[in-house]
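Take a look at the structure below.
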Amino acid sequence: MELNDLEKIRVAKIEAMRAAGMEPYPTRSNVTHTTAEAIRLFEQAEAAGSTEPVKVSVGGRLRSERLMGKLCFAHIEDGWGRLQLFLRVNELGEEALNRFREQFDLGDFIQAEGVMIRTRTGEVSVQVQAFAMLAKAITPLPAAKDEVVDGQVVRHAGLTDPETRYRQRYADLAVNPEVREVFRARAKTVTALRRFLDEHDFLEVETPILQPIYGGAAARPFVTFHNQLKQNLYLRISFELYLKRLLVGGLERVYEIGRDFRNEGVSFKHNPEFTQLEFYWGYADYLKVMELTEQMVAYVCDEVLGKRTVVYDGQELDFNPPWRRLELRQGILDTAGIDIGLYPTGEALAEAMRAKGINVKPGSTRGKLIDALLSDFLEPTLIQPTFLYNYPRDISPLAKGLPGDPNTVERFEGYVAGMELCNAFTELNDPLDQESRFLEMGRAYEAGDDERHPMDDDYLQAMSYGMPPCGGFGMGVDRLAMLLTDQRTIREVLLFPHLRGTTEE
RNA sequence: GGGCGUGUAGCUCAAUGGUAGAGCAGUAGCCUUUUAAGCUAUUGGUUCAGGGUUCGAGCCCCUGCACGCUCACCA
3 MELNDLEKIR VAKIEAMRAA GMEPYPTRSN VTHTTAEAIR LFEQAEAAGS
53 TEPVKVSVGG RLRSERLMGK LCFAHIEDGW GRLQLFLRVN ELGEEALNRF
103 REQFDLGDFI QAEGVMIRTR TGEVSVQVQA FAMLAKAITP LPAAKDEVVD
153 GQVVRHAGLT DPETRYRQRY ADLAVNPEVR EVFRARAKTV TALRRFLDEH
203 DFLEVETPIL QPIYGGAAAR PFVTFHNQLK QNLYLRISFE LYLKRLLVGG
253 LERVYEIGRD FRNEGVSFKH NPEFTQLEFY WGYADYLKVM ELTEQMVAYV
303 CDEVLGKRTV VYDGQELDFN PPWRRLELRQ GILDTAGIDI GLYPTGEALA
353 EAMRAKGINV KPGSTRGKLI DALLSDFLEP TLIQPTFLYN YPRDISPLAK
403 GLPGDPNTVE RFEGYVAGME LCNAFTELND PLDQESRFLE MGRAYEAGDD
453 ERHPMDDDYL QAMSYGMPPC GGFGMGVDRL AMLLTDQRTI REVLLFPHLR
503 GTTEE
């Protein structure tokens, strides 16, 4: 452990404490109240007109110190808030107060016991009668100054460098309270999603992360190897194929919240591992799923924010149902000026796009071209929550066809703030059709496309036992958390986002 | 992967090719109701790494690394 000068000074204090018979890392604390409990207790006593002294023992991290000769004000912070400590030579004696001044630094975890009082300026405080070190910090917190004014935390020169914040998230969290709030909101989001689905009689399940055959999405997987079994395994790119097997088995409403892994580029909305929610709802279809989605997101907004509107990137988003519904064909016509319905083949559509001066990636299928039009023209315009529906068949191999339209499937995606939030369809449950779709995919991707999917024979076996009609749904939970916490990058809602390795060590 | 930008003290930031600085933190002294903890003094640097140009490089050039923005990729 390489120590800088500031850290060496603190280590010297540790040695001085031990030499004086005090343990800087005692095994146990003697904390009786959180800061919030202590304050509440005192305010209640005050309101009741009680003269009985409120005695507490509180613990927390030392966040500010104001040394005034023979007295000292300090703030400690625990997981519930902040509390001012008032240390006087009158109660503590000169020796103890000097010990506090000399051995206690900002960032240390300490314990203080005493009587709750209100100081002359009116701040609820602990008049300290005894104190102890709970855990000495060696590295100073990367916040120069931090205080509470009118209940607001004011920071002067805090920790802002994104790289340091992500690599040392512990320091970021310790020093930036709004970061802690983001992750509290994220946790509430996940809890609310679970509660909503539980209340709608969905069963939460867990399916394999290590899979011998990956599928359910078009993405490159991470590959790993089981030494004993001498077997290649893939980290899942979706839960879909396993969850639908469960509907075959009679678990007709299931969901899973967990991690997906995709071996692709990173961006403000992509991380190599991300949290996905998928649910499958027997006897439903994509229209019913749309309605449930609206209700679910509105429910989450209520639980997390207490309201259904949120300002994201300066724009107010309204999550009140119903969301705007826009047929994909119409949306592309409105924004790109091309009616995909007039071009049933990839060649014809590519021709129409070139005529408009749009760059066409050679070898693209019709579906990929439509997806490109969607991404480039339509997606940026979808700010308010919108369901795009009816998607091209060749990029949706697990979705059921739209009756009467051989090129189109019953699929929708939810877009908010120009970003894809969720993806759902009426699930294909015809095993023979499914098999031919797999084969179709295999041919379309044959020319060395590494998104080509292996045939999953066991999945077909499951389908052949019969799966009830159902609507399936997938949503990026990180992206929902971004929207609800007004964060413009996924890294801000991941505690430990993926960063490149450093060259040291 | 491409383009643009950034990298200087623990943190936030300065510094025409000419002595590397400030605020806060730290250290020392003074101070019995503070709240950007006041006054006084003071310590602290592999300027991301490695090469080059130059009498002289934080600054200019090259290579590499990391981060940010952006484009590409990504159902």
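Residue numbers (our numbering): 3 to 507. All residues carry an ideal CB built from backbone N, CA and C; glycine is no exception.
No residue range can be given for L161, since it is assigned to no beta strand (DSSP E) and is classified by DSSP as neither H nor E.
Of the other Cβ atoms in all chains shown, 16 or more fall within 10 Å of the Cβ of F389; this residue is therefore buried.
A straight-line Cα-Cα distance of about 8 Å links R368 and P346. Boundaries of the beta strand (DSSP E) harbouring S127: 126-137, taken from the DSSP string. Minimum Cα-Cα distance from P323 among the listed residues M298, G343, D341 corresponds to M298. The alpha-carbon of G217 is positioned some 59 Å away from that of F44. Runs of alpha helix (DSSP H) with 4 or more residues, each lying fully within the region 298-386, are found at 330-338, 348-357, 368-375, listed in chain order. In this structure, the beta-carbon distance from E258 to E280 falls below 8 Å. Per DSSP, the beta bridge partners of K57 are V117. The residue among E97, G284, I112, R186 with its C-alpha nearest the C-alpha of H202 is G284. One alpha carbon belongs to F102, the other to L143, and they sit about 18 Å apart. If you draw a 10 Å sphere on the C-beta of V56, you find 16 or more other C-beta atoms in it, and that means buried.
In the three-state reduction of the DSSP assignment, V13 falls in the helix class.
Its Cα nearest to that of M70, the residue L89 stands out among L64, V33, L89. Secondary structure note for I41: its alpha helix (DSSP H) is the uninterrupted segment 37-49. Separation of I340 and I334 (C-alpha to C-alpha, rounded to the nearest whole angstrom) is 6 Å. For D80, there is no enclosing alpha helix (DSSP H); the enclosing beta strand (DSSP E) covers residues 73-80.
When secondary structure is reduced to three states using DSSP, P274 falls in the coil class, being assigned neither helix nor strand. As the crow flies, the alpha-carbon of S269 is around 53 Å from that of A49.
Contact between the region 326-333 and the region 373-389 is established, with three or more Cβ pairs separated by less than 8 Å.
Under the DSSP definition of a beta bridge, G403 partners with V411. For V91, no beta strand (DSSP E) encloses it; the enclosing alpha helix (DSSP H) starts and ends at 91-94. Here A401 is not near E415, since their CB atoms are 8 Å or more apart.
For Q131, the CB contacts under 8 Å within the same chain, skipping 5 residues up- and downstream, are E93, L94, E115, G116, V117 in chain order. Across the structure, A47 and E67 are spaced so that their CA atoms are roughly 27 Å apart. Relative to the Cα of M465, the nearest Cα in the group D488, T491, Q170, E429 belongs to E429. DSSP places Q213 in the strand class (E or B) of the three-state scheme. Each of V33, K72, V479 was checked against the Cα of T295, and the nearest Cα belongs to V479. For L423, the enclosing beta strand (DSSP E) covers residues 421-428. Collapsing the DSSP output to three states places S269 in a strand. Within a 10 Å sphere around the beta-carbon of I11 sit fewer than 16 other beta-carbons, which makes this residue exposed. For P456, the closest C-alpha among the options L441, C303, T37, L195 is that of L441.
Assignment of T491 by DSSP, reduced to helix, strand and coil, places it in the coil class.
DSSP, read as helix, strand or coil, puts S52 in coil.
Minimum Cα-Cα distance from W325 among the listed residues L423, L5, F111, Y27 corresponds to L423. Taking the CA atoms as reference points, Y393 sits about 35 Å from L497.
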